[in-house]
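Written out below as structure tokens is the structure these notes cover.
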Amino acid sequence: MKIVKKLILYVLSFLLVISSASVYTVFAEGAQPLPYLCDEEGNDVLTDKTMKNVYWIDLEKRTVKDGIDSELYYGLFPKYLTSHDETTVSDIAFNSLGGFNGLENAGIVDSENTYWMLPGLQYRYGYLAGNDTAEGDKEAGKHPDKPIENRVNPFGFKENDLLSQEEIKKPLSNLQIYGDLKITGSENSKSIGQFSPSSKLSLDFSLNASWFKRYLNSWTLNYTRVGGLQDDEITKFRNSFGKVDAGIVYTLDIPDGVELAKNISAKVSGLSGFSVSVRKSENGKTLIITLKKDNAGTVQKWEDILKSVNKTDTGNIKITVSGLSVKESVADDQEIRIRGTASGFYDFVNSYTKDFINPAPVDDEDDRDNANDRANRQYLFFAAQQSKDGLDEGGEADKQKQISYTFRVNKPANNTVTFINGSKTHAKVKVENGKSIDKDALTDQSMPKDPVKNGYKFKEWNTEKDGTGAKFTGSTVVNEDMTVYAIYTGDGNKKPAPSKPDTGDRTNLPLYVALLGLSAVSLAVAGLRKRRKEN
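For any residue, its number in this note's numbering is found by taking its place in the sequence shown, counting from 1, and adding 47.
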């Protein structure tokens with residue numbers, strides 16, 4: 048793109064400044080630090096200072112190659128974050144002219160250079176003209192507080208669509224991405240939580256990157272505000288194409304008092320079009336949750352990419368992590384702190400055409416002119432810091448930017464419920480004082496199975512042997528040791544003995560007996576008469 052040629056003078060002057068830096072930290076042979084590791088005056092390299100002082104994110108050094116001049120540079124990047132050479136658009140080289148622009152970032156280095164394509168010209172990220180030509184003017188710098196001319200604002204950005212003047216002037220104070228860690232469902236992320244051994248922990252990890260959409264709009268405006276661009280070039284950029292890859296990585300350091308379930312999981316809210324994966328670090332001490340953009344690298348109109356980002360509420364991106372719990376063996380009154388980190392990247396390529404011509408080394412000025420239509424790539428990245436509103440009261444006093452959540456382990460007094468069946472003990476179950484068996488944190492304690500008694504049906508557990516007391520269930524609150532008894536209904540399970548079939552009407556039995564008696568008497572009388580006649 049012809050903007051490359053327009054930037055050369057600015058870049059050359061800046062490189063002269065940083066080349067005067069007294070010491071360079073060597074990372075790779077022949078590599079130089081990316082300019083964002085230099086302070087505003089260019090007289091100090093911030094690599095070692097940053098590695099020493101940054102505690103809210105884990106950093107590592109990585110090398111970056113310039114696609115135009117084939118120069119090798121190094122920078123500091125968040126550990127676990129997808130590297131610039133592993134994204135879906137990494138086949139396109141950086142059109143960076145000395146590694147200067149293309150790697151803007153936030154939340155890592157204590158320098159304003161990290162935010163801008165061309166430090167010193169960051170006013171072009173805003174709505175006001177500054178040193179450029181205002182709308183209606185014929186010359187530059189005449190009305191710095193008026194809006195820019197419409198011609199260099201082809202997307203029609205309004206002032207509220209862009210970074211504010213205060214954000215541009217003080218980015219270190221106003222352009223940070225903040226994170227917070229708390230128990231799911233809790234309204235208070237600052238206070239120290241209270242948990243018992245074996246308690247389950249579900250954590251919400253939120254990010255506030257509300258200004259990012261305005262930053263991307265401002266980056267786009269800055270591109271067309273470079274002095275000397277002709278109308279046809281601006282029109283080409285207005286109709287340009289883009290490809291994007293993006294991701295966020297959350298980490299949780301797992302302290303000794305916390306254990307992970309086999310089925311640990313995470314879900315995202317506030318951000319659509321991203322897939323979630325969970326894994327543990329090699330040593331098992333860190334949980335890594337990755338959000339990866341779906342359909343990354345798809346060719347789109349740059350205008351459509353902007354519309355998609357501007358529709359997203361980047362101020363409340365949250366993951367909910369389930370599957371953590373307090374170890375049963377944790378000592379009473381112990382404080383446990385879970386440290387979290389969050390980082391992200393937005394890697395995009397912009398091109399006048401759908402061909403996405405790769406930047407390549409150039410030998411002379413003519414080659415640079417012929418490279419006008421080559422794609423331009425930017426890898427934006429960030430590290431989140433703890434929000435002040437949710438600052439952990441149990442956190443380290445000298446680490447105010449560290450995202451963390453602290454809780455204290457209290458072992459409650461446990462009562463014992465003894466279940467008696469007849470004359471024998473059926474079971475003994477522990478329950479936390481003031482809680483029920485079904486609702487306390489003792490996950491290995493539960494209501495016993497119903498007892499069995501031959502010929503009877505189990506009815507309930509009762510506080511009295513004869514069943515005249517209170518019914519006891521898994522929902523009954525227990526405030527002391529207690530004994531309950533098995534109560535049964537009558538012969539609910541007893542089978543009656545088989546009966547003999549009737550052979551007549553039982554109501555006539557007395558009559559039958561009387562008749563039999565009379566018959567016997569009659570026979571006796573008849574017998575006596577017969578014997579008398581024979582004699």
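Idealized CB from N, CA, C, for every residue including glycine.
Cα-Cα, which of the options is closest to residue i?
| i | options | result |
| --- | --- | --- |
| alanine 422 | Asn397, Ala444, Lys446 and Ala407 | Asn397 |
| isoleucine 224 | Glu214, Thr271, Ile230 and Asp402 | Glu214 |
| glycine 362 | Gly274, Lys260 and Lys504 | Lys260 |
| tyrosine 297 | Leu222, Arg424, Val368 and Pro201 | Val368 |
| serine 372 | Asp351, Ile336 and Lys309 | Lys309 |
| lysine 327 | Leu299, Ile281 and Asp351 | Leu299 |
| tyrosine 535 | Val315, Thr523, Lys506 and Arg424 | Lys506 |
| glutamine 381 | Ser137, Ser243 and Tyr399 | Ser243 |
| aspartate 513 | Gly502, Asn221, Asp491 and Gly537 | Gly537 |
| threonine 584 | Pro302, Ser137, Phe284 and Ser245 | Residue 584 lies beyond the residue range present for the chain, which begins at 48 and ends at 582; the question has no answer from this structure. |
| glycine 77 | Leu106, Ile104, Thr110 and Ala313 | Thr110 |
| serine 246 | Thr180, Pro406, Glu280 and Asn457 | Asn457 |
| tyrosine 503 | Gly469, Ser130 and Glu329 | Gly469 |
| aspartate 379 | Ser137, Arg455, Gln492 and Leu150 | Arg455 |
| glycine 232 | Lys290, Lys185, Asp251 and Ile335 | Asp251 |
| glycine 320 | Thr345, Ser137 and Ser238 | Thr345 |
| glycine 149 | Cys85, Leu427 and Ser238 | Leu427 |
| leucine 165 | Lys185, Ile335, Glu280 and Val273 | Val273 |
| glutamine 433 | Thr515, Lys237 and Thr530 | Lys237 |
| lysine 217 | Lys108, Gly167, Pro406 and Asn501 | Gly167 |
| asparagine 100 | Lys448, Thr129 and Gly516 | Lys448 |
| alanine 474 | Gly331, Thr530, Thr333 and Val325 | Thr530 |
| leucine 128 | Ile336, Phe141 and Gly516 | Ile336 |
| lysine 205 | Met98, Glu234, Leu175 and Ala187 | Leu175 |
| aspartate 116 | Ala140, His131, Lys446 and Lys477 | Ala140 |
| valine 325 | Ile366, Asp138 and Glu280 | Ile366 |
| glutamate 511 | Thr465, Ile281 and Val476 | Thr465 |
| glycine 248 | Ala181, Gln169 and Ala488 | Correcting the residue type first, residue 248 is leucine in the shown sequence and not glycine. Cα-wise, what sits closest to leucine 248 is Ala488. |
Just to confirm, is the Cβ distance from residue i to residue j under 9 Å?
| i | j | result |
| --- | --- | --- |
| threonine 271 | valine 199 | yes |
| asparagine 178 | proline 194 | no |
| phenylalanine 392 | aspartate 292 | yes |
| isoleucine 586 | leucine 254 | With the chain covering 48 to 582 only, the question about residue 586 has no answer from this structure. |
| proline 302 | glycine 114 | no |
| glutamine 425 | tryptophan 258 | no |
| glycine 240 | threonine 490 | no |
| phenylalanine 288 | glutamine 347 | yes |
| leucine 276 | arginine 171 | no |
| proline 80 | threonine 94 | yes |
| aspartate 528 | threonine 463 | yes |
| lysine 496 | tryptophan 508 | no |
| serine 312 | glycine 370 | yes |
| glutamate 196 | aspartate 208 | no |
| lysine 112 | phenylalanine 124 | no |
Quick one: measure Cβ to Cβ for residue i and residue j, integer angstroms, because I've assumed they're closer than 8 Å.
| i | j | result |
| --- | --- | --- |
| asparagine 160 | phenylalanine 429 | The Cβ separation is near 15 Å, so there is no contact. |
| isoleucine 484 | tyrosine 532 | Wrong, their Cβ atoms sit about 16 Å apart, outside the cutoff. |
| lysine 374 | valine 305 | 7 Å |
| asparagine 480 | proline 498 | Wrong, their Cβ atoms sit about 26 Å apart, outside the cutoff. |
| alanine 343 | threonine 135 | 4 Å |
| leucine 338 | leucine 318 | 7 Å |
| leucine 219 | glycine 173 | Between glycine 173 and leucine 219 the Cβ distance is about 17 Å, and since that is not below 8 Å, they are no contact. |
| isoleucine 404 | aspartate 420 | 6 Å |
| lysine 340 | glycine 294 | 6 Å |
| lysine 126 | aspartate 105 | 4 Å |
| leucine 222 | tyrosine 162 | 6 Å |
| serine 390 | alanine 431 | 7 Å |
| message | When you compare the segment 431-439 with the segment 218-237, are there three or more beta-carbon pairs, one atom per stretch, that lie closer than 8 Å? | response | Three or more Cβ pairs drawn from the segment 431-439 and the segment 218-237 lie within less than 8 Å of each other, which places the two stretches in contact.
| Counting only runs that start and end within the segment 148-217, where is the beta strand (DSSP E) found for 3 or more residues in a row? | none
| field | Within the segment 234-321, ranges of the alpha helix (DSSP H) (whole runs, at least 4 residues) | value | Taking 4 residues as the minimum length, the alpha helix (DSSP H) runs contained wholly in the segment 234-321 are 259-272 and 278-285, in order along the chain.
| message | With a threshold of 8 Å, are at least 3 pairs of Cβ atoms found where one atom belongs to the segment 108-127 and the other to the segment 373-386? | response | no
| field | Three or more C-beta pairs below 8 Å linking the segment 475-489 and the segment 523-531 | value | yes
| Which runs of the alpha helix (DSSP H) fall wholly inside the segment 390-475 and span at least 4 residues, in chain order? | 412-417
| said: Ignoring anything shorter than 3 residues, give me the beta strand (DSSP E) runs that lie fully in the segment 480-538, in order along the chain. | reply: With a minimum length of 3 residues, the unbroken runs of beta strand (DSSP E) contained wholly in the segment 480-538 fall at 505-509 and 529-535.
| task | Give, in chain order, every unbroken run of the beta strand (DSSP E) that is at least 3 residues long and sits entirely within the segment 329-381. | result | 333-340 and 364-373
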